[in-house]
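The structure appears right after this line, and notes come after that.
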Amino acid sequence: MARIRFDSVTKRFGDVTVAQDFKLEIAHGEFFTFLGPSGCGKSTLLHLLAGIEMPTAGDIYFDDRRVTELAPGARDVAMVFQSYALYPHMSVYENLAFPLRNRRTPAARLDEAVAQTARTLGLGDLLDRKPRELSGGQRQRVALGRALIRQPRVFLLDEPLSNLDARLRLEMREELKRLHAAQRITTVYVTHDQEEAMALSDRIAVLQQGRIQQCGTPEEIYRAPANRFVAEFVGNPPMNFLPADALRGIPPLAARLVPSNGRDLVIGVRPTDIRVQASALDTALQAKIVLLEPTGADLWVVGEWNGQRLKGRAETGERLAVGETADFVFSGERIYLFDRASGARID
Amino acid sequence: MTSPSRQAGRSAPFLAPAGVMLAAVTLFPVIYILWLSLEQRSPVLGVTQFVGAANYLRLLGDARFWNALANTTYFTTLSVALELALGLAMALLLRRAFPGRALVYAVVLIPWAVPTVVTARMWEWMYNADYGVINYLLGAQINWLGSPAWAMHAAILMDVWKSTPFVALLLLAGLQNIPAELYHAASVDGATRWTTFRRVTLPLLMPLILVVLILRTIDAFRVFDAIYVLTGGGPANSTETLSIYAYKVLFQTLEFGYGSTLAVTVLACIALATAVYARLLRGRTA
Amino acid sequence: MSRIGRFTALALVALWSLAPFLWQLITSLKPDPEITALPPLLPAHITLAHYAAIFTGTPFLRLMANSAVVASGTTLLAVALGALAAFALAKLHVRRRTLILALVLAVSMFPPIATVSPLFLVINALGLRDTLIALILTYTGFALPLAIWLLTGFFHKVPDEIYFAARVDGCTPFEAFRRVLLPLSAPGLITTAILVFILSWNEFLYALSFTATAAARTLPVGIALFPGLHEIPWGEIAAACVAATAPVLLLALGFHRRIVEGLTRGAVKG
Numbered sequence: 009m010a011r012i013r014f015d016s017v018t019k020r021f022g023d024v025t026v027a028q029d030f031k032l033e034i035a036h037g038e039f040f041t042f043l044g045p046s047g048c049g050k051s052t053l054l055h056l057l058a059g060i061e062m063p064t065a066g067d068i069y070f071d072d073r074r075v076t077e078l079a080p081g082a083r084d085v086a087m088v089f090q091s092y093a094l095y096p097h098m099s100v101y102e103n104l105a106f107p108l109r110n111r112r113t114p115a116a117r118l119d120e121a122v123a124q125t126a127r128t129l130g131l132g133d134l135l136d137r138k139p140r141e142l143s144g145g146q147r148q149r150v151a152l153g154r155a156l157i158r159q160p161r162v163f164l165l166d167e168p169l170s171n172l173d174a175r176l177r178l179e180m181r182e183e184l185k186r187l188h189a190a191q192r193i194t195t196v197y198v199t200h201d202q203e204e205a206m207a208l209s210d211r212i213a214v215l216q217q218g219r220i221q222q223c224g225t226p227e228e229i230y231r232a233p234a235n236r237f238v239a240e241f242v243g244n245p246p247m248n249f250l251p252a253d254a255l256r257g258i259p260p261l262a263a264r265l266v267p268s269n270g271r272d273l274v275i276g277v278r279p280t281d282i283r284v285q286a287s288a289l290d291t292a293l294q295a296k297i298v299l300l301e302p303t304g305a306d307l308w309v310v311g312e313w314n315g316q317r318l319k320g321r322a323e324t325g326e327r328l329a330v331g332e333t334a335d336f337v338f339s340g341e342r343i344y345l346f347d348r349a350s351g352a353r354i355d
Numbered sequence: 349m350t351s352p353s354r355q356a357g358r359s360a361p362f363l364a365p366a367g368v369m370l371a372a373v374t375l376f377p378v379i380y381i382l383w384l385s386l387e388q389r390s391p392v393l394g395v396t397q398f399v400g401a402a403n404y405l406r407l408l409g410d411a412r413f414w415n416a417l418a419n420t421t422y423f424t425t426l427s428v429a430l431e432l433a434l435g436l437a438m439a440l441l442l443r444r445a446f447p448g449r450a451l452v453y454a455v456v457l458i459p460w461a462v463p464t465v466v467t468a469r470m471w472e473w474m475y476n477a478d479y480g481v482i483n484y485l486l487g488a489q490i491n492w493l494g495s496p497a498w499a500m501h502a503a504i505l506m507d508v509w510k511s512t513p514f515v516a517l518l519l520l521a522g523l524q525n526i527p528a529e530l531y532h533a534a535s536v537d538g539a540t541r542w543t544t545f546r547r548v549t550l551p552l553l554m555p556l557i558l559v560v561l562i563l564r565t566i567d568a569f570r571v572f573d574a575i576y577v578l579t580g581g582g583p584a585n586s587t588e589t590l591s592i593y594a595y596k597v598l599f600q601t602l603e604f605g606y607g608s609t610l611a612v613t614v615l616a617c618i619a620l621a622t623a624v625y626a627r628l629l630r631g632r633t634a
Numbered sequence: 124m125s126r127i128g129r130f131t132a133l134a135l136v137a138l139w140s141l142a143p144f145l146w147q148l149i150t151s152l153k154p155d156p157e158i159t160a161l162p163p164l165l166p167a168h169i170t171l172a173h174y175a176a177i178f179t180g181t182p183f184l185r186l187m188a189n190s191a192v193v194a195s196g197t198t199l200l201a202v203a204l205g206a207l208a209a210f211a212l213a214k215l216h217v218r219r220r221t222l223i224l225a226l227v228l229a230v231s232m233f234p235p236i237a238t239v240s241p242l243f244l245v246i247n248a249l250g251l252r253d254t255l256i257a258l259i260l261t262y263t264g265f266a267l268p269l270a271i272w273l274l275t276g277f278f279h280k281v282p283d284e285i286y287f288a289a290r291v292d293g294c295t296p297f298e299a300f301r302r303v304l305l306p307l308s309a310p311g312l313i314t315t316a317i318l319v320f321i322l323s324w325n326e327f328l329y330a331l332s333f334t335a336t337a338a339a340r341t342l343p344v345g346i347a348l349f350p351g352l353h354e355i356p357w358g359e360i361a362a363a364c365v366a367a368t369a370p371v372l373l374l375a376l377g378f379h380r381r382i383v384e385g386l387t388r389g390a391v392k393g
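Chains as they are written, first to last, in the working numbering: chain R, 9 to 355; chain S, 349 to 634; chain X, 124 to 393.
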């Protein structure tokens with residue numbers, strides 16, 4: 009269990025700057041996630057923590073000890089790669105044992121550790137098999153086992169669930185959460201799936217092009233996004249964005265827009281916070297329905313109004329049809345204001 | 349704290365052994381030979397004398413050198429052209445799968461695998477004027493290796509036999525890299541076989557053809573083994589290539605200075621040819 | 124092209140590739156009088172006298188042993204040094220990687236005639252003339268570009284993440300190389316070894332220049348300089364050719380798939 013600190017870390021690959029002056033602290037035993045779209049640099053940050061890459065400038069500390077130049081093997085970190093990176097020529101047993109062999113662990117203890125880890129992850133029957141004989145989920149568990157077997161100080165995971173099918177992904181997500189609760193190893197997780205990040209993490213850093221857009225608990229990031237990028241990235245379905253001026257005529261938006269005094273603003277409202285209904289209310293926005301998405305639990309409705317599109321939620325039974333007009337009702341509290349130019353949230 | 353120097357240190361021990369070996373056996377000799385070419389050096393007579401450009405001037409007036417250069421150029425041009433044409437034909441033939449294809453591949457590799465010296469002696473035997481099987485099959489009495497007119501072409505035929513498989517295999521790999529869909533699209537667009545070949549296959553294959561040309565030109569230009577054993581450079585120096593002439597000057601008359609000068613010309617020609625092809629290649633892939 | 128046309132063409136190609144060697148084989152089995160009397164093509168009597176003659180009457184077996192030692196030694200050395208260098212080029216960040224590979228490629232284009240005189244002088248000066256070690260070292264130098272080129276390609280095929288995983292699991296770069304990369308590249312190592320072996324076995328110019336007696340002479344030199352007092356012993360030469368070619372021929376036929384893959388890999392990628 010270690011505390012991690014990025015101290016003004018910069019990483020350049022030739023002409024491309026992936027991270028610039030990056031500062032961050034991750035606490036003991038925390039489950040911390042780097043969340044962002046592809047190419048935002050999150051995997052690079054993980055590689056820097058592992059020691060696979062070295063920073064161009066700046067330092068990395070584990071528990072106040074400078075590890076910037078330590079080889080990966082000396083940092084006591086464990087890593088699960090997106091492709092699992094199991095050793096194809098070794099059996100499951102040998103894959104699990106490999107990290108311990110490198111530390112010259114005595115045979116008896118090694119054997120016991122492998123057995124123990126196999127038990128924890130349900131791999132007991134598979135010890136003699138080679139990776140190519142395993143299913144995706146099984147390989148994933150072997151990768152996890154290989155990482156956990158030596159009780160590392162830091163546990164790094166690079167999109168470990170993205171190669172699994174939907175159901176397996178959810179199962180493994182629970183497994184990861186359970187493991188973390190039990191072992192409390194400082195974990196740094198990388199993903200582009202915001203739902204996954206929200207479900208697993210103590211804290212999330214939302215990244216865009218190597219820069220932290222916001223760092224906070226899932227709750228904070230969801231309820232109080234720092235800027236438009238975070239607001240749009242987190243939450244499913246994504247937030248609606250509408251020009252503020254056009255909506256002045258609609259209460260309760262008018263009240264909400266008062267503090268803006270003439271600034272060019274954009275309004276953001278989550279589809280979950282817009283109620284769609286067939287009956288007419290003076291206080292609602294009336295839009296023509298263009299699309300209906302019944303998903304079993306919800307009925308999402310996409311409406312068109314003054315050239316803008318917005319999505320809201322209706323009761324599953326509600327009688328709505330494409331082409332008709334419906335009310336899109338906003339509730340006052342869950343309306344966000346963003347500066348159009350900078351994207352920052354105004355409050 | 350920064351990476352580059354540390355990482356350079358990490359890879360050095362891996363690169364060093366091979367690097368030292370290469371430097372010792374290839375780079376150093378090339379530098380040394382440039383120096384040698386400026387000397388008059390005779391180990392037997394114990395002579396070592398710097399003569400500067402005198403060797404190169406001697407080159408210009410050396411009729412035998414020009415003869416060797418002409419022979420080498422002729423040999424290279426004809427061999428490479430034939431090998432390319434035949435190799436392409438073979439590759440097109442082998443492209444489609446058929447039962448026993450693996451066996452044909454293996455057989456086609458034989459000329460490549462046979463040692464060059466053995467190739468030369470095999471063909472020497474076949475070319476034999478009195479007992480050779482070629483004269484027998486042709487019902488002729490041609491003195492293949494004894495007449496200046498025939499000897500060079502005999503050597504070329506032998507080299508074509510030996511090197512075409514290599515060309516064919518490379519071009520075959522290139523052909524297999526062209527997606528089948530392109531041919532389907534061409535046939536849907538109404539192209540004939542010849543048009544498809546000219547406008548789809550050939551252009552896509554061109555970069556590889558250039559690579560093959562470079563490799564074969566270099567190999568043909570520096571040819572030594574096969575011709576030396578087949579004809580020894582005769583008759584009347586009609587098959588004497590630059591490498592053979594250089595070898596004779598070096599190891600028969602033991603003139604290490606002038607022999608090195610001759611060897612340097614081979615190097616220069618190859619460098620020139622490579623530069624030309626590289627320019628063509630870059631022009632294509634740019 | 125019609126089926127028959129293709130079949131004929133293929134048969135011709137196969138025959139063309141096989142014929143010279145086949146003829147040499149036939150000649151080696153013909154008794155002397157039959158060799159110079161053509162027709163018939165095929166021998167009326169088969170004799171092994173020529174083979175007996177070269178194995179007992181000439182240093183042929185010694186030459187074969189020399190060839191074997193030189194080719195094996197070169198293969199081991201070139202593959203070992205080449206693998207180390209290829210590993211660095213494929214998996215470690217080497218800054219001037221493309222430059223190094225280009226340099227390696229350029230070196231492979233040097234004509235042997237251009238390096239034979241300097242090397243001869245050095246080998247002579249070191250007192251290594253007519254030794255096998257001189258050949259092994261020279262051949263290794265010339266096989267290295269091929270080995271490095273091929274092995275870099277093969278090592279590239281092993282996913283980077285597996286190398287990273289080994290490092291994170293506590294291996295030094297060399298341990299990761301030895302315990303993970305090498306086993307996973309075994310097919311590539313074999314292909315490279317076969318190609319280097321064949322090329323070394325067949326080499327002529329350096330062997331001719333650096334050796335003087337049967338102490339270090341290799342088969343190609345022996346075959347080129349085959350002694351003939353009054354008449355050229357075509358039967359013996361044929362037998363020598365067949366015997367000298369047999370090992371590499373068997374290698375080529377047995378591993379042709381690997382060989383083709385190795386030869387085309389470098390050029391096609393390019």
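All C-beta atoms, glycine included, are put in the ideal place defined by N, C-alpha and C.
Residue-chain proximity (residue i, chain X), Cβ-Cβ < 8 Å
i        : result
R/Phe30  : no
S/Ser495 : no
S/Thr350 : Because S/Thr350 sits at a pLDDT of 39, beneath the cut-off of 50, its placement in the model cannot be relied upon, and the point is left open.
Collapsed DSSP secondary structure at residue i in the structure displayed
i        : result
R/Phe89  : coil
S/Ile490 : coil
R/Gly191 : The residue you asked about is not Gly; residue 191 of chain R is Gln in the sequence shown. Helix, per DSSP.
S/Gln397 : strand
R/Gln159 : coil
X/Arg340 : coil
R/Asp71  : coil
S/Leu520 : helix
S/Val378 : helix
X/Ile360 : helix
S/Thr350 : Caution is warranted here: a pLDDT of 39 is assigned to S/Thr350, below 50, making its placement in the model unreliable, and no coordinate value can be reported.
S/Asp478 : coil
Contact check, residue i vs residue j, beta carbons under 8 Å
i        : j        : result
X/Ser448 : X/Val365 : A question about residue 448 of chain X goes unanswered here, because the residues of chain X that appear run from 124 up to 393.
R/Lys296 : R/Gly257 : no
S/Arg342 : S/Val597 : In the structure displayed, chain S extends from 349 to 634; residue 342 of chain S sits before or after that span and is not available.
R/Leu104 : R/Arg154 : yes
X/Leu258 : X/Phe333 : yes
R/Val214 : R/Leu164 : no
R/Arg321 : R/Leu307 : yes
R/Asn235 : R/Gly49  : no
S/Leu629 : S/Leu558 : yes
Within-8 Å CB hit, residue i to chain S
i        : result
X/Gly250 : no
X/Ile158 : yes
Below-8 Å beta-carbon distance, residue i vs any chain R residue
i        : result
X/Ile285 : yes
X/Ala191 : no
Could you tell me which whole alpha helix (DSSP H) segments of length 4 or greater appear in the region 220 to 307 of chain R?
226 to 231, 236 to 241, 261 to 265
With a threshold of 8 Å, are at least 3 pairs of Cβ atoms found where one atom belongs to the region 492 to 499 of chain S and the other to the region 167 to 182 of chain X?
no
Determine contact between the region 126 to 140 of chain X and the region 452 to 467 of chain S, defined as no fewer than three beta-carbon pairs at a distance below 8 Å.
yes
Report yes or no: do the region 264 to 271 of chain X and the region 196 to 206 of chain X share at least 3 C-beta pairs separated by less than 8 Å?
yes
Would you be able to state if there are at least three C-beta pairs under 8 Å between the region 205 to 224 of chain R and the region 74 to 84 of chain R?
no
Three or more C-beta pairs closer than 8 Å, one from the region 238 to 248 of chain R and one from the region 273 to 281 of chain R: is that the case here?
yes
Any chance you could list the alpha helix (DSSP H) runs of at least 4 consecutive residues sitting entirely within the region 539 to 604 of chain S, in chain order?
541 to 544, 550 to 569, 573 to 578, 590 to 599
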